Structures are given as structure tokens and as C-alpha cells.
Amino acid sequence: MQHKDLLLDVNGLSVQFKNDAKLTYAVENISFSVKRGESVGLVGESGSGKSITALAIIGLLPPQAIFQNGTILFNDTDLLHLNRQQIRTYRGNKISMIFQEPMTALNPVVRCGEQVAESIRLHQGVNKKEARQQVFSLFEKVQLPRPEEIFRSYPHQISGGQKQRVMIAMAVANKPDLLIADEPTTALDVTVQKEIIGLLNDLRAEYGMSLLFISHDLGVISEVSERVAVMYRGKIVEEGAAEDVFRRPEHPYTKGLLACRPPLKGKPEVLPTIDEFLETDGQEVPAGKAVKPTASSGRSTEENILETEHLVKKYITGRTLFGKATGYVHAVNDVSFQVREGETLGLVGESGCGKTTLGRSLLRLIEPNEGTIWFDEKNLLQLSKSALKKERKHMNIVFQDPYSSLNPRLSIGQAIMEPMAVHGLYINKKNRRKKTEELLEKTGLKKEHFYRYPHEFSGGQRQRIVIARALALNPKFIICDEAVSALDVSVQARILNLLNNLKREFGFTYIFISHDLSVVRYMSDRIMVMKDGKIVETGDADQVYFHPQHAYTKKLIASIPAVEINHI
């Protein structure tokens, strides 16, 4: 019998997956509870078992999942003993879930409003007109603009933040007792993230819901959760009040999670990793030395490796019947700046501000409409294709999604050797193979990985492969476009350490594009802030971060989770 204050009580839950003849634990003997009206955070990295736990609660595990033992009591009912029809009366009604990726969770061929209305009709038995009115009311409640327009829109026609709000509207449509939010803010900008967190807190207060909030972002968890359970390799290794866990962690894994985040104060040369804490059983890992500035505001323009003047990239938004353009949107609007040789220049802003378009325009992967781009005293926009190809040896880019930027049909060795062959480097295949193996080891991989394919690697390993490929031509200048945005904090720390080590060894110049201001501040000598295609603020990294001047920069800084977590 559950205590009357308990809504959910997970006790001794174990879930295994069968792979060929082998059984592997995804979740092993975990126990935790959620009280009525309480918010509990479930923290851990990819593969720790967080999402499997959530899917077990809501009855959506795949067929190959095997329950070994345990109970999931919800209002004194063991959900594991319910049949398919019975669990459907709970799912979307008493228990709802906001899935990690709204684009894949929403049906791409059904209008957004119809998807929410379907859930209302199914569980409340109302007619189409009543369900439609409820959807409009819900869209207003989750602060979606133009509810009727969003109702008619398909998922691909609205932004990521708007898709997440549609998912939240669907999840709370039937006023559930328990809302499970699985990484609901992972891919969102800090300002949208702050709005979503505020919205969830408001809805929880209005409906008296309990919230199980799953995330690897400790800052977000600290803003939404009263209690926290930390998962590692399928087990809960630490549990307690959020403030106690974050300020006085006990388990080595929890200490490592907290320590490998870029600190708010100081710039250690090397970020500690979780592995170091686990190896030392949670003993203090010495911080690296402070990084000496690689550039200062007093350097002359003669030391600039890249300089842009009045750069413009615009897209046509409408045409007449005869094909004449009737409107434009400026993705990059009259942008001028310089990048000094050997520095890291951070570029921050919300999605849609023009960061990626600017980065790709600098390499002429996208052709600008106006302006100049000077690289090593050459105007790239005046170069012929053959001349530009020669310059491309010296400049490269690390894309946001390494999986989509790697050819699935090429082994990683072939992918890294390909640009060498295109540019005629290292004479023959044997020398290119040797160089590729050196790059693999330089980026923390093994030369035995040469013949493996992209799908055989983790997200962090794929990011290392893309970095190795970017280094294949010995470039002077590299653009990192959201290179760590989708990675767990421990993998992120390793990639940031790798980028800094490579910079020190080879003297690279970086433009580091991200919406994560704490990461940009840690990596960068200077920061540029971009809004609506324009640069609105530029300055020393610490100056911009701690003393922002522009109202937009202040808004971005204020949106970062406010609770400062003690570093080990």
C-alpha cells in the first residue's frame, strides 16, 4: 500500500534487453518515488537508463525489453501488471510524456492542432468542435502565437520551440497527475529554454501535477526539481534534495558531472572529466592552469587572418507569377568584423539569428550577396573556383551534426583520406593512410578504427572523427558550428579539451559558434553576439559575459539557469 502522499513509487525495477543470446541490463534494481505535486529530476548521461525508466512507467518499451523484477506503483496500481488496453487508459490521461525530440514525436503528415485534439477526443469523449476550442485554449496557455494558424500548421512549418510547446499542450490536455518530461529543452536556445521551464512550473502549479524531469543538463534540473536522482550505467547512484546533491555531492560520478561543466569563474587550461573522478573514487581532481590570453584588443589589423566588410546574405521570401522577387529576409545583414590569427572568436545568438549562415558564407559554402571576405590578404569573393579550392586547404568547418555530415557508405578512414586525395596531399595512398592513422590517434581514437563505419561510433566519437577530417588538410582556420551542443557534459568536456589542445599544438584560429554562452565564454578570447542577422555586441569574452552592454546580450545572460552549482 502506497503512502497517501506518494503518487509514483518505483521499487527494485530491472529491465534487460536481449541481443542475440545475450541479456544486458538497461536498468538494474532502481527505486525512487514522486510525491503528489512534487518535481523530481532524473539526471545522467546518454545510456544511463533515464529514458528506459520513463518508457517503462508509461508502458512504451519495445518488445525486446524484458522486465526482470520490480514494481511501478501509480496510485496503488502496479502498472507492470496491466494489459495493453488498461495501460492506454493511463497513458496520455493520468500519465503524460513530453518526448525528447518533438519533430520525431509529432506526426509529420497531421496538422499540429489535430494531433492535440485527437488526444482530447480519445480520453474525454467530446465532439470535434469542443476539442478544437480546448486546443485553442491550450495553445494560448502554452503561449503559442496565433493559435488558429498553429492549429492548421504541420510540424515542419513551425520552429523548434513552437513544436515543443505543441508537445506540452498535448501532454497537459487531459490534466494528468504525472507529467514526464524527457530532455524537453536539450536542443533549445537559452531564452526558449527559460520560457519552457517557466511554462512547466506554471502548469504544474495550476494543475497540481507531479513532474518527473529527465535531463543531462544540471543547470536546468536545478531550476525545476526539488529532489534529484542521479543515474549511472542503469543504477541510481545518488538521491536527495536538489540543493544537497548539487552543493554537497557524495558519489564520484555526481562529482564528475558537476566538475566537467565549464566553470563560471576562471578558465582552467583543462576541464576535468568524469573518468578521472571515477578513477580516483571522487577525490579532488586538480584543475588545469589558467589559460593565457592568445589575443588582446590592442593587436594591429596586420595580424588579422580573416576580415569581413559589409557582408550580406539574403533569401527571397516571395515571387510574382513571372518569377520576380517580391520580398527578402536578411540572414546576414551588413556584418563587418575581424578574426585575429591564433585566437578563438565566439559567435553566440538564438536559432535563426544568422550564425550558421554567416559561418558557411565565410567559407563560400553559401554565396553571399554583397560585401568582402579577406582571408590571408585575399578577397575570397573574387577568387575563381580553382583559386578558391586552393584556399580551402587552409580553412575548414566542424558541423553541428557529425552523423549527417559523414557519408554512411564510407569508412571513417576513407572519409578522412578523401579531402587529402581531392587536394593532392601526401603523394600516395600509403602516406595518406599513415597521416589518417596519426589523426585518429591525435583526436583520441585508435588506428584500428580505420575500417569502421560512422554508425558504429557514439556521438562523441563521431564528433572526434569530424574534427580529424577537418585537420586532414592542415588548416589555419576552423569554424566549429555548434560542435558540442548535443553532447553529454562529460563528452563535451573531452571535445573542448581536444579543441584547446589542438589549438595550442598547431596554432589554429577558431570561430566557435554556439548558443551555450558558458561554453563560448570558456573557449573564447572574444565574443560576438548576433541578433536578426546583425552583430549587436563584440568584446573580450569575460567582459561580454559578466558586463554585457546590449539589451539582447543581457537577456541571453539572464536566461542561463541562475542557480550556481558548486564546482568540486
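Note that our numbering gives residue 398 to position 413 of the sequence shown, counting from 1, and the numbers run on in steps of one.
Ideal Cβ placement from N, Cα and C applies to all residues, glycine included.
This one's a predicted model, so the numbers in the text were calculated from it and none came from an experiment.
Check: Between E(-7) and the rest of its own chain, which residues show a CB-CB distance below 8 Å, the 5 nearest in sequence each way excluded?
Finding: The sequence given here has Leu at residue -7, not Glu. Closer than 8 Å at the Cβ level, and outside the excluded window around L(-7), lie S18, V19, I42, I57, L58, F59, L163, S195 and L197.
Check: I think N381 touches K298, with their Cβ atoms under 8 Å apart; what is that distance to the nearest whole Å?
Finding: Rounded to whole angstroms, the Cβ separation of N381 and K298 is 20 Å, and the two are not in contact under 8 Å.
Item checked: Range of the contiguous beta strand (DSSP E) that encloses Y217 -> Annotation: the continuous beta strand (DSSP E) that includes Y217 extends over R212 to Y217.
Margin query: Just verifying my parser: in three-state terms, what is the DSSP assignment at C465?
Written below: The answer is strand: DSSP assigns C465 an E or B state.
Next item on the list: Could you spell out where the alpha helix (DSSP H) holding A154 opens and where it closes?
Entry: From DSSP, the alpha helix (DSSP H) with A154 extends over G145 to V157.
Notebook entry, point to check: Does DSSP classify H501 as helix, strand or coil?
Noted result: Before going on, a small fix: residue 501 reads as Asp here, not His. Coil.
Next item on the list: Tell me whether the beta-carbon of K79 lies closer than 8 Å to the beta-carbon of P169.
Entry: The answer is no: Cβ separation not under 8 Å.
Check: Between D501 and Q118, what straight-line distance do the alpha-carbon atoms span, to the nearest angstrom?
Finding: When rounded, the distance between both Cα atoms is 38 Å.
Item checked: Where D167 falls, given that 16 or more other Cβ within 10 Å makes a residue buried -> So D167 ends up on the buried side.
Item checked: Residue environment, L306, which counts as buried when at least 16 other CB atoms sit within 10 Å -> It is exposed - the Cβ of L306 has fewer than 16 other Cβ atoms within 10 Å.
Notebook entry, point to check: Is DSSP giving D(-6) helix, strand or coil here?
Noted result: Annotated three-state conformation of D(-6) is strand, per DSSP.
Check: From K7 to S(-1), what does the alpha carbon distance come to, in whole angstroms?
Finding: When the Cα atoms are used, K7 and S(-1) turn out to be separated by approximately 16 Å.
Checklist line | Contacts around V324, its chain only, beta-carbon distance under 7 Å, and the 5 residues preceding and following it disregarded | finding: Counting only Cβ-Cβ distances below 7 Å, and skipping sequence neighbours, we find N289, I290, L291, L330, T494 and I496.
Item checked: Segment limits, alpha helix (DSSP H) that includes N482 -> Per DSSP, N482 belongs to the alpha helix (DSSP H) from V474 to F491.
Check: Do you know whose CA, among R454, D473, V474 and S475, lies nearest C465's CA?
Finding: When only C-alpha atoms are compared, the closest one is R454.
Check: Taking Cβ positions, are Y436 and S396 nearer each other than 8 Å?
Finding: Yes, the Cβ-Cβ distance between Y436 and S396 is below 8 Å.
Checklist line | Assigned secondary structure, Q323 (DSSP; H/G/I helix, E/B strand, else coil) | finding: Q323 falls in the strand class under three-state DSSP.
Next item on the list: Express the C-alpha separation of G77 and A156 in angstroms, rounding to a whole number.
Entry: Straight through space, the alpha carbons of G77 and A156 are spaced by roughly 7 Å.
Notebook entry, point to check: Under the DSSP definition of a beta bridge, which residues are partnered with D187?
Noted result: D187 has no beta-bridge partner at all, per DSSP.
Check: Is the distance from the Cβ of V175 to the Cβ of L481 below 8 Å?
Finding: Cβ distance not < 8 Å, so V175 and L481 don't count as in contact.
Next item on the list: Please classify Y192: does DSSP put it in a helix, a strand, or coil?
Entry: Reduced to three states, the DSSP call for Y192 is helix.
Notebook entry, point to check: Counting Cβ pairs closer than 8 Å, one from the region 133 to 147 and one from the region 95 to 102, do we hit at least three?
Noted result: The region 133 to 147 is in contact with the region 95 to 102.
Checklist line | Separation of A226 from Q71, as counted between CA atoms | finding: About 34 Å.
Next item on the list: Name the one or two DSSP bridge partners that Q1 has.
Entry: Paired residue(s): Y10 and I51.
Next item on the list: Per DSSP, which residues does Y388 bridge with? Please list them.
Entry: DSSP output for Y388 lists no bridge partner at all.
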